[in-house]
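Notes to accompany the following structure.
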């Protein structure tokens, strides 16, 4: 288990960052390494994002040195989504949950033993992890993508024809504060979250994936009147502060997982930004 710690950034200070500093603060470049669990602990709402690629043996969810707790989920909850064609399984206190590509598992506070494994080591699962602090126990539940309710948004004319699947939210898998879902852009559509919004009551993390090696997403961030961008590759994560927009356009269509945590548990809590406010 490898854990990196990232601290919160003041938006006034962020105006002074060059491209390299911007990436070091907000872009997570190498989460998915075979045989490893890699995580980033963010001081934005204490959210942990991570990637796990089990091969010849299961990988245990643990990091007592960073969290200073007896076990990882002692005071936390976690959402786990398999982004690989390789089937995965998550063993929670001896109970096994198999995850196909794009299936989601919620594991609640208080579960001591969580292990991540692949059904076939030659075609390993690639688990994306998002964890937030929790004040209450909710049951561990799996939601296959076939059972998630799709919401169609956007249009071809706007280049943002997309389908949103909500997994962990107030009307889906129950949690304390973690919300998690997935957005799939249709072929020939490249824009997400435009016009943009901010939500000052919670942070957000974006994992971009299902991208070709040479494909890129230009992720836009910053305060609405002070926007910046980062060039993002496949399976990289952007940490989005509460004060920042989070929008992107790709060289091809792509898929992304959004995870949010903070004060407000309402999915629709967002402050929309008008196009003439963007600079």
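Numbering (the working numbering), first residue to last: 22 to 300. No residue lacks a Cβ here, since even glycine has one placed at the ideal position from N, Cα and C. Please read all numbers here as calculations on a predicted model, not as lab measurements.
Straight through space, the alpha carbons of residue 72 and residue 22 are spaced by roughly 10 Å. Taking a C-beta distance under 8 Å as the contact criterion, residue 282 and residue 203 do not qualify as a contact pair. Bounds of the beta strand (DSSP E) holding residue 282 are 276-283. In the DSSP secondary-structure assignment, residue 155 is not bridged to any residue.
Non-local C-beta neighbours of residue 156 in its own chain, meaning closer than 6 Å and more than five positions away in sequence, comprise 197, ordered along the chain. In the three-state DSSP reduction, residue 47 falls in the helix class (H, G or I).
In the three-state reduction of the DSSP assignment, residue 101 falls in the strand class. Within the same chain, Cβ atoms closer than 7 Å to the Cβ of residue 55 are found at 74, 76, 145, the five residues on either side in sequence being excluded.
Between residue 206 and residue 183 a beta carbon distance of about 5 Å is seen, short of the 8 Å cut, so the two are scored as contacting. Using a Cβ-Cβ distance cut-off of 8 Å, the segment 165-179 and the segment 89-98 are not in contact, since fewer than three pairs of beta carbons, one from each stretch, lie closer than that value.
The DSSP assignment places 97-103, 109-113, 116-120, 125-128, 135-139 as complete runs of the beta strand (DSSP E) inside the segment 72-141, in order along the chain (cut-off: 3 residues). The alpha-carbon of residue 66 is positioned some 35 Å away from that of residue 209.
The C-alpha of residue 231 is placed about 7 Å away from the C-alpha of residue 255. Of the candidates 216, 251, 270, 216 places its Cα closest to the Cα of residue 292. For residue 35, the enclosing alpha helix (DSSP H) covers residues 32-35. C-alpha of residue 135 to C-alpha of residue 35: approximately 37 Å in a straight line. For residue 297, the secondary structure class from DSSP, reduced to helix, strand or coil, is helix. The three-state secondary structure of residue 222, taken from DSSP, is coil.
Rounded to the nearest angstrom, the Cβ distance from residue 219 to residue 266 is 6 Å, consistent with a contact under 8 Å. Burial of residue 97 is indicated by the presence of at least 16 other C-beta atoms within 10 angstroms of its C-beta. DSSP, reduced to helix, strand and coil, places residue 271 within a strand of the structure shown. Put simply, the backbone Cα of residue 132 is about 37 Å away from that of residue 243. For a cut-off of 8 Å, the C-beta gap from residue 300 to residue 247 is around 7 Å, short enough to register as a contact. Across the set 127, 201, 32, the C-alpha of 127 shows the shortest separation from the C-alpha of residue 112.
Taking the CA atoms as reference points, residue 193 sits about 7 Å from residue 187.
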